[in-house]
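J.: Protein chains in written order, with our numbering: chain A, 1139 to 1546; chain B, 572 to 857.
#1: Less than 8 Å between the C-beta atoms of residue 1248 of chain A and residue 1222 of chain A, yes or no?
#2: Checking the sheet assignment: what are the DSSP bridge partners for residue 1339 of chain A?
#3: Give a yes or no on whether 8 Å exceeds the smallest Cβ distance from residue 781 of chain B to chain A.
#4: Does residue 1535 of chain A get closer than 8 Å to chain B when you measure Cβ to Cβ?
#5: Identify whether residue 1509 of chain A lies in helix, strand or coil by the three-state DSSP scheme.
#6: Can you give the Cα-Cα distance for residue 1396 of chain A and residue 641 of chain B, rounded to whole angstroms?
#7: Any heavy atom of the ligand MN closer than 7 Å to the CB of residue 1222 of chain A?
#8: Going by other Cβ atoms of all chains shown within 10 Å of its Cβ, with 16 needed for buried, is residue 583 of chain B buried or exposed?
#9: Determine which residues share a DSSP beta bridge with residue 1412 of chain A and list them.
#10: Which chain A residues are close to residue 786 of chain B, counting only those with a beta carbon under 8 Å from its beta carbon?
#11: Just list the residues that DSSP pairs residue 1261 of chain A with in beta bridges.
#12: Who are the Cβ neighbours of residue 637 of chain B in its own chain at under 7 Å, not counting the five residues just before and after it?
#13: The alpha helix (DSSP H) spanning residue 1253 of chain A covers which residue range?
#14: Does the beta carbon of residue 630 of chain B sit closer than 8 Å to a beta carbon anywhere in chain A?
#15: Just how far apart, CA to CA, sit residue 1210 of chain A and residue 1401 of chain A?
#16: Would you report the Cα separation of residue 1389 of chain A and residue 1364 of chain A, rounded to the nearest angstrom?
#17: Against residue 689 of chain B, what residues of chain A qualify as contacts under a CB-to-CB distance less than 8 Å, listed in chain order?
#18: Residues of chain B with a CB under 9 Å from the CB of residue 1434 of chain A: which are they?
#19: Determine, for residue 1112 of chain A, whether the minimum Cβ-Cβ distance to residues of chain B falls below 8 Å.
#20: Beta carbon of residue 1218 of chain A, beta carbon of residue 1245 of chain A: below 8 Å?
#21: List the residues that DSSP assigns as beta-bridge partners of residue 1518 of chain A.
#22: Residue 710 of chain B versus chain A: which residues are under 7 Å apart at the beta carbon?
#23: Contact defined as beta carbons within less than 8 Å: I believe residue 801 of chain B pairs with residue 775 of chain B. What is the distance between those atoms, to the nearest angstrom?
#24: Considering only residues of the same chain and omitting the five flanking positions on each side of residue 1298 of chain A, which have a CB-CB separation below 7 Å?
#25: I want to verify the contact list: residues of chain A whose CB lies under 9 Å from the CB of residue 698 of chain B, in sequence order.
#26: What in chain A is Cβ-close to residue 577 of chain B, meaning under 8 Å?
#27: By the 7 Å beta-carbon criterion, what residues does the region 1179–1195 of chain A contribute toward chain B?
#28: What ranges does the alpha helix (DSSP H) occupy inside the region 621–663 of chain B, keeping only unbroken runs of at least 4 residues that lie completely in it?
#29: Check the C-beta distance from residue 798 of chain B over to residue 603 of chain B and give it rounded, since I have them as a contact under 8 Å.
#30: Could you please give the first and the last residue of the uninterrupted beta strand (DSSP E) stretch that includes residue 1387 of chain A?
#31: Please list the partners that residue 1318 of chain A has in chain B, where partner means a Cβ-to-Cβ separation under 8 Å.
#32: Chain C beta carbons: is any one of them nearer than 8 Å to that of residue 585 of chain B?
#33: Less than 8 Å between the CB atoms is what I'm expecting for residue 1481 of chain A and residue 1447 of chain A, so what's the real figure, rounded?
#34: Nearest CA to the CA of residue 1287 of chain A: which residue from A:1255, A:1229 and A:1524?
#35: Grab the span of the beta strand (DSSP E) containing residue 1132 of chain A for me, first residue to last.
#36: Are residue 1254 of chain A and residue 1291 of chain A touching if we call contact CB-CB under 8 Å?
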């Protein structure tokens, strides 16, 4: 009896101590858990994320709103099950108070429930899956990049109205990212008088694109190719070798700066849309690109700028709460209230679904200063994830998918 | 009509790549009964070695030789110092080759950064060959030619040369071959080198079409397995016919039944395993 009460009071004391430690920690360094990918097929994107994050932390000299920032990095290997374990380790063992990551949408979905349970604020530097900020809203989630389809609503309109294309064939990776991009493009392209006459879905791990390239309807005005990872490299070089002449439109990731540096002349002339181009001609972006080139010898792309901006979001939110994260709800509210007037993206604010409203640029691959660049042709300012449809109308219709609307 | 011709050529070209990949796998398995799960990793590593050679100024043909030579050396070392110690323990051997595959894959990310890369093709083979209004990449026609030449060379080696006779003797009855005075230990090294070199050189050759990226290894290994299971293990003819069948199923199948694109290559394998477990040209159950 005696013994057990000693134990109980001992445990109580320990609890008190740890509680006071936790309180003390709020004036100490802020622990940021960073979920990246260092091994496996997605490692290149993971490395670029690390580079972007590091540059941002260094720019702030490791301190935001008076608090030291301590980044704890975990390698998810791009596998959802590992991502979950790593997120738990970061939160429960290392005491991470906010997470930045993960890379892939299926990783983000794997920890969605855990984030809700533990109420851990998380900033996504890359995962674009539409419903994370639409129909399956997670109150602890905020995204530092566009949704999959966000750039392609304006792009569909651009293709119809300014490029005057009437008939387009779409080829896209056969997974949610590709489906969502294709549907967003098709929606506005067809509303503006164009017609998507063919949709080809190639598996994500398609060995070679010959079979698909030779199926493309020869009567189309252009081909819209939406690829992730290294598939853009494969597709574009084979497209050229098959003697194809029709112009190619791309998704942001088809000609992302992260892989554009590995491409040759086959990429020249590809017009694409995105929320970022390294060639955007603003002083802030020029400074950012120069710093990235100095540190890592390459133009920043999708992943590096995504992680850089996730870190800027964190800074902006911390400044709003004056570095005090003890009230999680207040901190999360600040994260969802991020408002940055000047960034490599241009101005950024966040809608009430946790999704940034972004400037979308139409870019064209050209050779400038001896390297391939996405030269900006046009900017659509302050584009919402819902385009011009309005949130309510948009959310009433089903999420973009493979069968969203067949080609005619 | 055009559809059948062009997809037929596509299938032939892809089947040719598969044959170059699978022939080495089949050769090793036939003689040594080792399911070499590092084969995909050898293929990828070969492509990376070739890429580096080209970037260092070597021409494409030298790069193919270097890719093959490098993987021959690596394969021979692995066979001599690791696999041979596990002689007679097939399960341990399979697991070791799988482990080696993981090590090679991560070493490649470490050395070549994980960026997807395209192996530049020789300039004389770029562009498309045009007849009437059909266009087909010259490089793929070249790959088809290489695969048929390789098939003929391997056939000659196995069926008409002294080395081939020894290998065939080893495949049929290893103990008896040893009793007849064939130096099976040396034979193993030679065959493992040759099989690995085919993977390495094949990786470079495939580089301009497939490009090289982390994950190329795990994309290609199942294809080699499918070909070999379909064609019959250890049979060169089986690997050849199996590759072409899979190539045609790949191209016609993906075009005609796009919704089955993910599984279409594995359906014939299931069918063959059910109806004829030794494969189309396999001689005996293992």
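Glycine is no exception: its CB is placed at the ideal position from the N, C-alpha and C atoms. Note that the structure is predicted; figures quoted are calculated from it, not measured.
T.: In brief:
#1: yes
#2: A:1310
#3: yes
#4: no
#5: strand
#6: 29 Å
#7: Ligands are entirely absent from the displayed structure, and the ligand MN is therefore not among its contents.
#8: buried
#9: A:1499
#10: 1178, 1179 and 1343
#11: A:1238 and A:1280
#12: 620, 621, 624 and 629
#13: 1243–1256
#14: no
#15: 34 Å
#16: 5 Å
#17: 1371, 1372, 1375, 1400, 1401 and 1402
#18: Result: empty, since nearest Cβ-Cβ is about 11 Å, beyond 9 Å.
#19: One cannot answer for residue 1112 of chain A here, as it falls past the ends of chain A, which runs 1139 to 1546.
#20: yes
#21: A:1498
#22: 1379
#23: Actually they are not in contact, since the Cβ atoms of residue 801 of chain B and residue 775 of chain B sit about 26 Å apart, beyond 8 Å.
#24: 1327, 1330, 1331 and 1332
#25: 1378, 1379 and 1381
#26: 1352
#27: 1179, 1181, 1182 and 1185
#28: 631–649
#29: Contact flag wrong, Cβ pair sits at about 18 Å.
#30: 1386–1388
#31: Near residue 1318 of chain A there are no residues of chain B at all, since even the closest Cβ is about 19 Å away, more than 8 Å.
#32: This model lacks chain C altogether, as its protein chains are A and B.
#33: 6 Å
#34: A:1524
#35: Because chain A here runs from 1139 to 1546, residue 1132 of chain A falls outside it and cannot be looked at.
#36: no
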